[in-house]
Amino acid sequence: MNNLFALILFIIGAVFDFFGCLGLVRFPDVYNRLQASTKCVTFGTIFILSGVAVYAGLNPMSIKAVLCIVFILITSPTAAHAISRGAHHSGIKLWKKSVVDAYEKDKPETK
């Protein structure tokens, strides 16, 4: 039963990783690509690591998988935020059909 549950988690994770990579290739600008890579790929990798933990049972490999999940949950959104903020500060423009620029209001007024 654990093997079946682990296989389901692996498949769900692979699907999320596939769509995250597809979004990374297809989206028009750096900000949309960060959205795909951060959300989908992080979610997919967490599912795959959860499948590893379920498949391995209670042993050092499953503990390492859980630690990797925690590490990814902390570092992936932080890195994406830093990259997007750095891209905005260096002047990379949003896609022409973008609706909201949340970082624009944080820019200091220049005279």
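Going by my numbering, the sequence shown opens with residue 6, and the numbers climb by one from there.
Glycine included, each C-beta is placed from N, C-alpha and C at the ideal position.
In angstroms with no decimal places, state the Cα-to-Cα distance between Ile13 and Gly56.
8 Å
Do Ala41 and Leu27 have their C-beta atoms within less than 9 Å of each other?
yes
May I have the straight-line CA-CA distance separating Gly18 from Thr50, to the nearest angstrom?
Per the coordinates, the alpha-carbon of Gly18 lies some 6 Å from the alpha-carbon of Thr50.
Starting from Cys73, trace the alpha helix (DSSP H) both ways and give me its first and last residue.
For Cys73, the uninterrupted alpha helix (DSSP H) run begins and ends at 65 to 94, by DSSP.
Anyone know if the C-beta pair for Ser95 and Leu39 falls short of 9 Å?
no
Going by C-alpha distance, which of Ala92, Phe76, Asp22 is nearest Lys44?
Asp22
In three-state DSSP terms, what is Lys98?
coil
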